[in-house]
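Colleague: Once you've had a glance at the structure underneath, I'll fire off some questions.
Residue numbers (this note's numbering): -15 to 178.
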């Protein structure tokens, strides 16, 4: 039961933690990287992934120009990099040079893939729409990169091998503590077991 109430959304951080990512883009001869915590999958078929980006960000105009972007997933060990690209502007300097960000070649798009990412999606922009103070960019995943040894045979992340970077608001990052993964199968639920 909640013990505090406010009108409206308050600090609007109650939904955290969220997996922190770095969205990359290349357009107009420039590359940029932006930290994004507001993102999610939208569809299996076709494979669609969405990211929310403020129109104030340099990456916003680059994505509109390029019509593509990449979403890079990093471990907590790279939280400083996530914070650095999230709190600086690509209009002022090249983040890849400034923060010595190592990249790999993409397969289908122009946006760089981060070498330190344990997984990355290359996305072609299929739609975008303004919601309040952010733009929701929807991309079709046209290529996926992942560190094979970080995932099991079902391509589920092995949390013993990779500790994802979670953003919890106000420049704070967290990692999972004690790991307890519970499989709750559909058959078990349908039989009425709990």
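Ideal Cβ placement from N, Cα and C applies to all residues, glycine included.
What does a CB cutoff of less than 8 Å around residue 80 pick up in its chain, not counting 5 residues either side in sequence?
Modeller: Counted from its first residue, the chain shown places residue 80 at position 96. Within the same chain, residue 80 has close Cβ partners 15, 17, 87, 96.
Colleague: For residue 160, does the count of other Cβ atoms within 10 angstroms reach 16, so buried, or fall short, so exposed?
Modeller: Here residue 160 refers to the residue found at position 176 when the chain shown is read from its first residue. Residue 160 comes out exposed.
Colleague: Could you tell me the alpha carbon to alpha carbon distance between residue 140 and residue 134, rounded to whole angstroms?
Modeller: Residue numbering aside, residue 140 sits at position 156 when the chain shown is read from its first letter. Residue numbering aside, residue 134 sits at position 150 when the chain shown is read from its first letter. Going from the Cα of residue 140 to the Cα of residue 134 covers about 8 Å.
Colleague: Look up residue 6 in the DSSP assignment and say whether it is helix, strand or coil.
Modeller: In the chain shown, the residue the question calls residue 6 occupies position 22. Residue 6: strand per DSSP, three-state reduction.
Colleague: When DSSP labels each residue in this structure, what does residue 131 get in the three-state scheme?
Modeller: Mapped onto the chain shown, residue 131 falls at position 147. Residue 131: coil per DSSP, three-state reduction.
Colleague: For residue 158, I'd like the list of residues in its chain whose CB is within less than 7 Å of its CB, leaving aside the five on either flank, ordered along the chain.
Modeller: Taking the chain shown and counting its residues from 1, the one referred to as residue 158 is at position 174. Excluding sequence neighbours, residue 158 sits near 1, 150, 152.
Colleague: From what residue to what residue does the alpha helix (DSSP H) around residue 79 run?
Modeller: The residue given as residue 79 occupies position 95 in the chain shown. Taken as a continuous stretch (DSSP letters only), the alpha helix (DSSP H) holding residue 79 covers 79 to 82.
Colleague: Roughly how many angstroms separate the alpha carbons of residue 21 and residue 4, rounded to a whole number?
Modeller: Stepping through the chain shown from its first residue, residue 21 is reached at position 37. Stepping through the chain shown from its first residue, residue 4 is reached at position 20. Those two C-alpha atoms are separated by around 5 Å.
Colleague: Taking 8 Å as the CB-CB cut-off, is residue 31 touching chain D?
Modeller: The displayed structure is made up of one protein chain only, and chain D is not part of it.
Colleague: Just checking my contact of residue 7 with residue 54 at CB under 8 Å: how many whole Å lie between their CB atoms?
Modeller: By 1-based counting over the chain shown, the position of residue 7 is 23. By 1-based counting over the chain shown, the position of residue 54 is 70. Contact holds; Cβ gap of about 7 Å.
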